[in-house]
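Here the structure comes first, spelled out in structure tokens, and everything after it is commentary.
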Amino acid sequence: MLSRRHLLAGLAGASLCGGPATAADSRLADPQRPVHIFMVLGRGEGTSEDGFRSHLASSGLPVRYTIRNTNGDATKIPGIVEEIRDVRPDLIYSWGTPQTVGLVGAYDDDPSRFIRDIPVVFTFVASPVDAKIVRDLRLPGRNVTGTIHIAPIRTQINTLLNYQPCRTVGTVYNPLERNSVLTTAALKAELDTRGITLVAEPVPLTANGAPDPAGIAGAIRTVARGGAEFLYIGPDTFLASLNARTVALTAIEHRIPIFSATETIVRQELGVVALASSLYGIGQFTAFKARQILVERRDPGSIPAESLSRFSIIVNMTAARELERFPPVSLLRIAEVINL
Amino acid sequence: MKNGKIGLSALAIAAIIGSSVFFVALIAHLKFEKKLIEISVSRLFDIAHLSNDSIEFGLGLGLEIASFPDLRNLVVRLAQKPGIETAAILDPTDSILFSSGPPDGSRLPPSLPPNTPQSVGEDVDRHWLAGERLVVSAPIRNAFGQTVGRTVLVASLAAKQAEARSIRDSLTYWLVTLAAGVALLTMAAMLHAVRPNGPAAGRTDRAWRQSLTLRLSATMVSLMIAVSALAAWGVFQRFHPFFEQELRYSVEAITDAIADDIDRAAGFGMPLRKMPRLDADIETMTARHHEILGAMVADGDGAVVTASGVFAAEAGPWPLEGNGPALPPAHAGVIDVNRPLDDGGERVGQLHLGLDEAFLVKASADLALDVVSVLVVMVLIMVELILLIVHLLTRTPSTDERAATDAAGPAPQDLTGLKLIRLPIFLFCMAEELSRSFFPAFAISLAPTAPWLDAGLAVSLPITLFMMIWGVSQPLGAQWSLRVGRERTFAIGAVIGAAGLAMTAVTASLLGLLMWRCVTAVGYGLVLIAAQGMVIDRTSSQNRAAGMAIFIGSLLAAAVCGPAAGGIIADQFGFQASFASGACLALVSALLLVWLFGGAGAGRAVATPRLSLAGIRLLLADRRFVTLMLLSAVPTKVAATGILFCLLPLLMAAQDLSKADIGRVQMVYFIVFLLTGPLFATLSDRFQARRGFITIGGLGTLLAALPVFVEPTVWAIPLAVSLFGLCQSVISSPQMSLVSEIARTGGSSEAAAVGWYRLIERMGAAAGPMVVVAFGQVTSYQGTFLWIGVLCFVSSLLFLLLFHPIPLAGRHKPC
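This is how it looks when you write it as structure tokens:
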């Protein structure tokens, strides 16, 4: 049988990551059977899933997908865990921090409630260590590895300062999102090392303890009065996704340009510049790690969890013109320019 | 004197001068050709990287490389740049995705080197020559650093090479005529000086011989320098227009890239004056190009928007039509390369870059240094040759006879026969010295063949083994040469050395290198001991020092020439060629010795004292001898070989300096040693302050390390090496004198003491590279230099404290 095994071997050798030829000796009991990947998503399929599928398809690996979507409702996860235990897929693709924590638990949780014997690749987890998904990014050490969609804070600040050197940077954040609080602390530490002042303002909470959308404008006003020359918006769901329009319009009103760690506020609103992972690229990179597990039979615990080494710089020229804060011409060579 | 002999000698000198001119021209030609390719390579990479930036941007957006809509247009545009024949984008298996040439890829060079991007980030920029084509390949990486393809640019060198050939042909004709003319002139001058009824007729006295040597050397050296300089200048003149064009292309590629950036920004509606930090961006893009002296952007009205460098003082206005006004006279030597800036066809400004016309001249400084090195080597070779010839010419039957019959040693001051030995020693030592500048680099290149050996040891072990075997082979070789004859020992040693060097040239493993270096060391040891024996046989105690000076003089001359010449050969033709040249020189030395001394010599050898154990026992009982050995002789030699042969090549290679540079710096050491050695010998004798001289030399070694420690630049390293040479030269002669004095006052045989001193010293020399490696494990190369300086400093201080001045005669031991 000069069968699929050999075909797979050839493809593995010829393709990008060039696994050893012996990788043909796949973990699959029956080489004719497609690999079964179980996708657990949080907001339906998007560009990153396209990247994931396309990378595997172009490597010639036959795949059968099962898709489950929580739509942000974490209570659905235990049911999905039960289903996974029944069907026993070859690999789980997990999108976002709540889904991933729900599936595999923190490393010090009771193992009986979670999936511990099927490899999991996660994506769109901003900080897997803080979420206790892995102890060490370089060596996850359990059945989990994956990709991080946020650029390292240092790279973000480099990009911001390349756009415009600043002495004071402002940020607003949702104090209820643990991720945002940690990002703000990291931002302060990074700016401190460069002698740049950070003016940070939490969004006020309503009487019942939720972040108050009506308080966003006030928080940005405080930051602008604090002398901020740029407004940093981190991977904060409340501000960068749900209330992106309010944030962008208020910033324009105070003539303060927005730098964002995710792309929505720049792509869809009047944020000026974003340093974001290419959604397609992050999907491809996740697929690359999946292939290392499925084809090269590597232990997920030995595959580092990483962010991309290159990010997209997105410049909203409409906003830049509005504020007369133009990017340096060299940045335009590598940036995606939108809203002409 | 026979006319035939004179004619032959004149011919030899003429040949040396002719070949000097030839070598200078050859070096100049090769240098220029190399520089031309360097400029082309750098320009092609600039173009490839700029194009890769935009491809990688597209990859980040999620496009597959094969599905890019406009890559075909991109490669066609690339191929329209001057000199580029074909541009292509290949996938990781080297299949052509897009090509500006025919779809079958027939215009790509048939043999692309294998591309093996097996792991992330492994693939790198590469370039190579394929026949008459220059190919550069720059990897394209995706968002997570994997190579997904490469941009390949093929530039035809056919036109350039044809032009270079025609230049070479016309130059060859011109140079051959020139060299022949010079050679004829030389012969005429020689024949005039020594014609049978001329001023030389019948004269053989020493004063006349010296004056003839001096006059001949001065005439020939100045002739050689003048003509070689003329030849180098001729080559430079012919190549100049060539360079200018290539350099202009290179600057135009940068101009285009900057203008493209500005055009793009203008296309997005950014006004020229609102583009932030335009000056900084331009600065970044031109930073790598030292030939660009300044940049300026003028707006649509010709007013200056930003200006730097030579344009900094310009206020404008600069009309957009044509090339603008000529640069003011203050900018003589600056070429204005400019390009219009536009926003979709509407002219918005003009970009100017200032190209340094003198850049080519500056680029030739390196060439000038090479030419000077070749000249120094040629001058020294010629002086050796003239000395030989003058002594051959003035050798009379009576002096020959005296040398042959007076077994106890010829009369003082008659070293005629002995001086014949200079050239064979010089040639043999030069054969060995050729590899001095690049030996560590060569050893490192073989280190992967012996993965069980640490890379530092791979460098130091061959040098240490060589020194040890050389040290041990000396006392053994001395006895052996007594039995088989000095001349025969010399010839056999030279042949063994030649074989060792030849095998080193072809060895491909570190183990082979170690083995063949040992063989070479045996040959080297035999030759040196035999040569010393020949000096001793032919001198009496009165003129032995003068005889030894002849021997040491040719050793040092070889040490000056060897590294510089070897470095140039290795830079141009590779390590192997340099070792092979060494093998040839060693063989020539053996043949020359047989020709000059053939048949004579055997049977009148004077026995040298054995290195007896009893002798060393007596010496070791003398605290002064032990102190001198441990605190001065050994540390001095550790520093000498460690720094000069091991650390310096490593340090300089780490600074990206060429092998020729390394050779030149090693040459500086020996020149300093050669020039100042006699001075310090005289001074230390006159002041009888040997302990003081030795201490000062040792303390000064730390001072010598400072320039390198502060800043290892092109100038600090030669300065440090000169100081280091000075310190070694301060120590050298007093140390030797002290050994003799200790032996005299302590009742040992002086010869035995010197023999043991040399052996112990050589063990220090063998340890030198090991000490360097040991320091290198814990600190940087600069730090190692400093630590060796500290070692010498501390041991000198201890020496000063512990070594009691030589007591009056009769007192054997200091209390």
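Protein sequence lines correspond, in order, to chains X and Z.
So the first sequence is numbered by the working numbering: it starts at 1 and just counts up by one.
So the second sequence is numbered by the working numbering: it starts at 1001 and just counts up by one.
The beta-carbon is built from N, C-alpha and C at its ideal position, and this holds for glycine as well.
In this text, all values refer to a predicted model and were calculated from it rather than measured experimentally.
ask   = Under the DSSP definition of a beta bridge, which residues are partnered with Pro1340 of chain Z?
value = On the second sequence, residue 1340 of chain Z is found 340 positions in, with the first residue counted as 1. Z:Gln1350, per the DSSP bridge assignment.
Among Z:Ile1335, Z:Gly1309 and Z:Ser1211, nearest to Leu1247 of chain Z - alpha-carbon criterion = Position 247 of the second sequence, counting from 1, holds the residue named residue 1247 of chain Z. It is Z:Ile1335.
task = Please name the residue in X:Arg178, X:Asp117 and X:Ala200 whose C-alpha comes closest to that of Lys188 of chain X.
result = Here the question's residue 188 of chain X lines up with position 188 in the first sequence. The shortest Cα separation from Lys188 of chain X among X:Arg178, X:Asp117 and X:Ala200 belongs to X:Ala200.
key: Spatial distance of Ser58 of chain X from Thr246 of chain X (CA atoms)   = Translated into positions along the first sequence, residue 58 of chain X becomes position 58. Translated into positions along the first sequence, residue 246 of chain X becomes position 246. Using only the alpha carbons, I get a separation of about 41 Å.
ask   = chain Z beta carbons: is any one of them nearer than 8 Å to that of Glu324 of chain X?
value = Against the first sequence, residue 324 of chain X aligns to sequence position 324. It does; some Cβ of chain Z falls within 8 Å.
key: Continuous alpha helix (DSSP H) stretch holding Asp86 of chain X: start and end   = Your numbering for residue 86 of chain X matches position 86 in the first sequence. Here the alpha helix (DSSP H) through Asp86 of chain X covers Ile77 to Val87.
query = Of all the options Z:Ala1751, Z:Ala1565 and Z:Arg1690, which has the alpha carbon lying nearest to the alpha carbon of Gly1615 of chain Z?
reply = Along the second sequence, read from residue 1 onward, the residue named residue 1615 of chain Z stands at position 615. If we check each option's Cα against that of Gly1615 of chain Z, Z:Ala1751 comes out closest.
request  = Check the DSSP bridge columns for Gly146 of chain X and list the partner residues they point to.
outcome  = Walking along the first sequence from the start, residue 146 of chain X turns up at place 146. DSSP lists X:Phe122 as partners of Gly146 of chain X.
message = Does Arg1150 of chain Z come out as helix, strand or coil in the three-state DSSP assignment?
response = Residue 1150 of chain Z sits at position 150 when you count from the first residue of the second sequence. Here Arg1150 of chain Z sits in strand by DSSP.
ask   = Going along chain X in order, which residues have a C-beta closer than 7 Å to the C-beta of Leu1278 of chain Z?
value = One-based indexing of the second sequence puts residue 1278 of chain Z at position 278. Val329, listed in chain order.
Close beta carbons around Thr66 of chain X, own chain, < 6 Å, minus the five adjacent residues each side = Start at 1 with the first residue of the first sequence, and residue 66 of chain X comes out as number 66. Here the set comprises Phe38.
request  = Give the secondary structure of Met1270 of chain Z by DSSP, where H, G and I count as helix, E and B as strand, and everything else as coil.
outcome  = For this step, residue 1270 of chain Z is matched to residue 270 along the second sequence. DSSP places Met1270 of chain Z in coil when its eight states are reduced to three.
query = Does the separation of the CB atoms of Gly1471 of chain Z and Lys1637 of chain Z fall below 8 Å?
reply = For the purposes of this step, residue 1471 of chain Z is taken as the residue at position 471 of the second sequence. For the purposes of this step, residue 1637 of chain Z is taken as the residue at position 637 of the second sequence. Contact: no.
task = Output the distance between the C-alpha atoms of Ala1443 of chain Z and Met1503 of chain Z, rounded to the nearest integer angstrom.
result = Against the second sequence, residue 1443 of chain Z aligns to sequence position 443. Against the second sequence, residue 1503 of chain Z aligns to sequence position 503. Rounded to the nearest angstrom, the two C-alpha atoms are 14 Å apart.
message = Please tell me whether Phe1144 of chain Z has its Cβ less than 8 Å away from any Cβ of chain X.
response = Locating residue 1144 of chain Z in the second sequence gives position 144, counting from the first residue. Interface residue, yes.
query = Roughly how many whole angstroms lie between the Cα atoms of Ala1580 of chain Z and Gly1567 of chain Z?
reply = Residue mapping note: residue 1580 of chain Z aligns to position 580 of the second sequence, counting from 1. Residue mapping note: residue 1567 of chain Z aligns to position 567 of the second sequence, counting from 1. In a straight line, the C-alpha of Ala1580 of chain Z is about 13 Å away from that of Gly1567 of chain Z.
query = Which of helix, strand or coil does DSSP assign to Met1275 of chain Z?
reply = Residue numbering aside, residue 1275 of chain Z sits at position 275 when the second sequence is read from its first letter. In the displayed model, Met1275 of chain Z falls within coil according to three-state DSSP, outside both helix and strand.
message = If contact is defined by three or more beta carbon pairs under 8 Å, each pair taking one atom from either stretch, is the region 180–187 of chain X in contact with the region 218–230 of chain X?
response = no
inquiry  = When you compare the CB of Lys1035 of chain Z with every CB in chain X, is at least one pair closer than 8 Å?
reply    = Within the second sequence, residue 1035 of chain Z is the residue found at index 35, counting from 1. Output row for Lys1035 of chain Z: interface = no.
query = Secondary structure at Arg1043 of chain Z, three-state DSSP: helix, strand or coil?
reply = Here residue 1043 of chain Z is taken as the residue at index 43 of the second sequence, counted from 1. Here Arg1043 of chain Z sits in helix by DSSP.
query = If the cut is a Cβ gap below 9 Å, which residues of chain Z does Phe288 of chain X touch?
reply = For the purposes of this step, residue 288 of chain X is identified with residue 288 of the first sequence, where counting begins at 1. Simply Phe1144 and Gln1146.
key: Close-in-space but distant-in-sequence residues of the same chain around Leu1175 of chain Z (CB under 8 Å, 5 per side omitted)   = Working through the second sequence from its first residue, we reach residue 1175 of chain Z at position 175. Excluding positions up to five away in sequence, the list reads Val1021, Phe1022, Ala1025, Ala1231 and Gly1234.
key: Inside the region 1417–1459 of chain Z only - beta strand (DSSP E) runs reaching at least 3 residues   = none
Cα-Cα separation, Ser1821 of chain Z to Ala1189 of chain Z = Only positions 1001 to 1815 of chain Z appear in this structure, which leaves residue 1821 of chain Z out of reach.
query = Going straight from the alpha carbon of Arg297 of chain X to that of Ala287 of chain X, what length do you get?
reply = Counting from one through the first sequence, the residue named residue 297 of chain X turns up at place 297. Counting from one through the first sequence, the residue named residue 287 of chain X turns up at place 287. Between Arg297 of chain X and Ala287 of chain X, the C-alpha separation is close to 14 Å.
inquiry  = Does Gly1663 of chain Z pass the burial test, meaning 16 or more other C-beta atoms within 10 Å, or should it be called exposed?
reply    = Within the second sequence, numbered from 1, the residue matching residue 1663 of chain Z stands at position 663. Buried is the call here.
query = Are the C-beta of Gln156 of chain X and some C-beta of chain Z separated by less than 8 Å?
reply = Counted from its first residue, the first sequence places residue 156 of chain X at position 156. No, its Cβ sits nowhere closer than 8 Å to a Cβ of chain Z.
key: Whole runs of the beta strand (DSSP E) within the region 166–225 of chain X, excluding any shorter than 3 residues   = 168–173 and 197–202
Whole runs of the alpha helix (DSSP H) within the region 283–329 of chain X, excluding any shorter than 4 residues = 317–323
query = Around the C-beta of Asp1343 of chain Z, are 16 or more other C-beta atoms found within 10 angstroms, so that it is buried, or is it exposed?
reply = Translated into the one-based positions of the second sequence, residue 1343 of chain Z becomes position 343. Asp1343 of chain Z is buried by the Cβ-count criterion.
inquiry  = Here's the rule I'm using: 16 or more other beta-carbon atoms within 10 Å means buried, otherwise exposed. How should Pro1410 of chain Z be labelled?
reply    = The residue you call residue 1410 of chain Z lines up with position 410 of the second sequence. Residue confidence for Pro1410 of chain Z is low, a pLDDT of 42 falling below 50, so the modelled location carries little weight; the figure read from the coordinates is stated next. Label assigned to Pro1410 of chain Z: buried.
message = Please return the same chain residues whose Cβ sits closer than 6 Å to the Cβ of Gly1456 of chain Z, not counting the five positions on each side in sequence.
response = Looking up residue 1456 of chain Z in the second sequence gives position 456. Cβ within range, chain order: Val1773 and Gly1776.
task = Pull up the CB-CB distance for Ile292 of chain X and Ile303 of chain X, whole angstroms please, since I reckon it's below 8 Å.
result = Taking the first sequence and counting its residues from 1, the one referred to as residue 292 of chain X is at position 292. Taking the first sequence and counting its residues from 1, the one referred to as residue 303 of chain X is at position 303. Correcting the residue identity first, residue 292 of chain X is Gln in this sequence and not Ile. Indeed they touch by this definition, with Cβ atoms about 6 Å apart.
query = Taking C-beta to C-beta, are Val120 of chain X and Val87 of chain X nearer than 8 Å?
reply = For the purposes of this step, residue 120 of chain X is taken as the residue at position 120 of the first sequence. For the purposes of this step, residue 87 of chain X is taken as the residue at position 87 of the first sequence. Cβ atoms of Val120 of chain X and Val87 of chain X: not closer than 8 Å.
Reduced DSSP category for Ala1530 of chain Z - H, G, I as helix; E, B as strand; rest coil = Position 530 of the second sequence, counted from the start, is the residue given in the question as residue 1530 of chain Z. Looking at Ala1530 of chain Z - three-state DSSP - the assignment turns out to be helix.
inquiry  = Which residues of the region 1284–1303 of chain Z have a Cβ closer than 9 Å to any Cβ of chain X? Give them in chain order.
reply    = Thr1284 and Met1285
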